[in-house]
Amino acid sequence: MGARHTSRAMRGYPTRNALFFHTLRRLVASICCIFLFVQAVRYGRYHFRPDLSWQRVQARGVLIVGMDTSYHPFAIMQGESISGLDVDIALEVARRLGLRMQVAPMGVDGLYDALHTGIVDALISALPFDAFRAGTFFYTRPYLDGGYFLVSPKGAYQRMPDLEGKRLAVEYGSLGDELARRWLRRLRHLQVQVHAEPSAALAAVAEGTADAALVDYLTARLWLRDHKSADLRIAEQPIYSQGYHAVVRSSDLALASRIDAALEAMAADGTLAAILAKWLG
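Under this note's numbering, read the sequence shown as residues 1390 to 1670, first letter to last.
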C-alpha cells in the first residue's frame, strides 16, 4: 500500500511547481537569445557597413572643415574672409588630398554637433583630446602641443628637477600654478613666484627676478615673438602635454587616416613648423 501513495517527486516525476519554473527558464532563455540576436544584427549593420567617407569627400572635391572663428590666432574672421593657423593647416591638408577646402564658421559650442550630424567632414579648431568623446570621434595625431612648458634664459632649464633651489614664476590660479605647487612636495628648495598674468611671469624671467616661468605654449610663443630682445627659450618637452588635433567621426576612418597621414607628412617635411612660425613667431 505504501508504494502506491509515494509522491510524484519521489517516483522521479516533476511536480507542478518544477514544471512551471522549468518552462519559465526556457522562456527567459528564449527571450535573451532573441534580444542578443537583434543586438548583433544592429551592431553588424552599424559597425560593418562599408566606410565610404573618403569616396564621398573625393567625389565632392571639397573638404568641409568646422572652425571656431573667434579664437586668435587659430581662426580670425575679417569681413567675409577667414585666416589663421588652423585655416592654413586645413588648406594644406586639403591640398595634399587633392581637394579644395571650405571653412564652416561656427561657435565652439556647435563644433561637435556639426560634425556628428554630418554638416562638416572634420574639425580643425585647436581642439584637445576629449576622452569622453573618443568613442564617437577620431582624434588625429596632434599638430601642436599647447600644454605647459618651462621658459628660461637660453633654455637652461628643461625639466622640473632642474629647478631645485631656483625661482619659478607662474600665473596665479593657472594650471602652471597647480603644477608648481605639486612639485613643491618634491623640490624642497623650489621658490614659486605668483603673478597676475602669464606675461608678467615671463617678464620676471627676462628681468632676472625669476629663473624660469611655467606657462602655456601659445602664450610663450606669442610673448617671445613680441619680445625678441629677451634671450629666452622654450623647453623642448612639455611639463604638461595638451595636443591640438583634427577630429573626424569614428565611422569615417578612411577619411581620418588620410588627414592623419597628411599631418604626419607636414610635420616631417617642415611645412607644419613653417605654419606655426608664421602665426606664432
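All C-beta atoms, glycine included, are put in the ideal place defined by N, C-alpha and C.
Reference residue i; option with closest CA among the options
i	options	result
W1572	A1585, Y1561, G1496 and E1553	E1553
M1495	R1489, A1483 and V1509	V1509
G1524	Q1582, D1641, D1658 and L1576	D1641
D1440	A1650, L1652, D1600 and A1645	A1645
I1478	T1608, S1588 and R1489	R1489
Y1532	K1543, F1526 and P1517	P1517
E1596	A1619, W1612, L1613 and Q1580	A1619
D1519	L1661, A1503, S1563 and Y1633	Y1633
L1607	G1535, Q1444 and V1446	G1535
V1454	Q1467, R1548, H1505 and R1438	H1505
Q1580	A1601, V1476, P1587 and S1563	A1601
V1446	L1665, T1660, G1507 and T1598	G1507
Beta-ladder partner(s) of residue i, from DSSP
i	result
A1635	I1513
R1622	S1541
Q1582	A1558
R1467	Note that residue 1467 corresponds to Gln in the displayed sequence, not to Arg. Per DSSP, S1470.
Y1528	V1636
Q1491	I1453
D1534	G1632
Short Cβ contact (7 Å threshold) for residue i with residue j
i	j	result
A1635	A1464	no
I1648	V1451	no
A1654	S1442	no
V1492	I1471	yes
P1542	L1621	yes
F1527	S1639	yes
W1668	L1500	no
Residue i, enclosing alpha helix (DSSP H) - first and last residue
i	result
M1549	Where M1549 is concerned, there is no enclosing alpha helix (DSSP H), given that its DSSP letter is neither H nor E.
D1605	It is not in any alpha helix (DSSP H) - D1605 instead sits in the beta strand (DSSP E) that spans A1601 to D1605.
L1568	L1564 to W1572
A1650	L1642 to A1657
P1587	P1587 to E1596
Opening and closing residue of the beta strand (DSSP E) in which residue i lies
i	result
V1497	Looking at the DSSP string, V1497 is not in any beta strand (DSSP E), and its letter there is neither H nor E.
I1453	V1451 to D1457
Own chain partners of residue i with C-beta closer than 7 Å, once the 5 adjacent residues on each side are dropped
i	result
L1603	Y1537, L1539, L1557, V1559, G1565, L1568, A1569 and I1628
Y1561	V1583, H1584 and A1585
Same chain only: Cβ atoms within 8 Å of residue i, ignoring 5 sequence neighbours per side
i	result
A1651	E1481, V1482, R1485 and L1486
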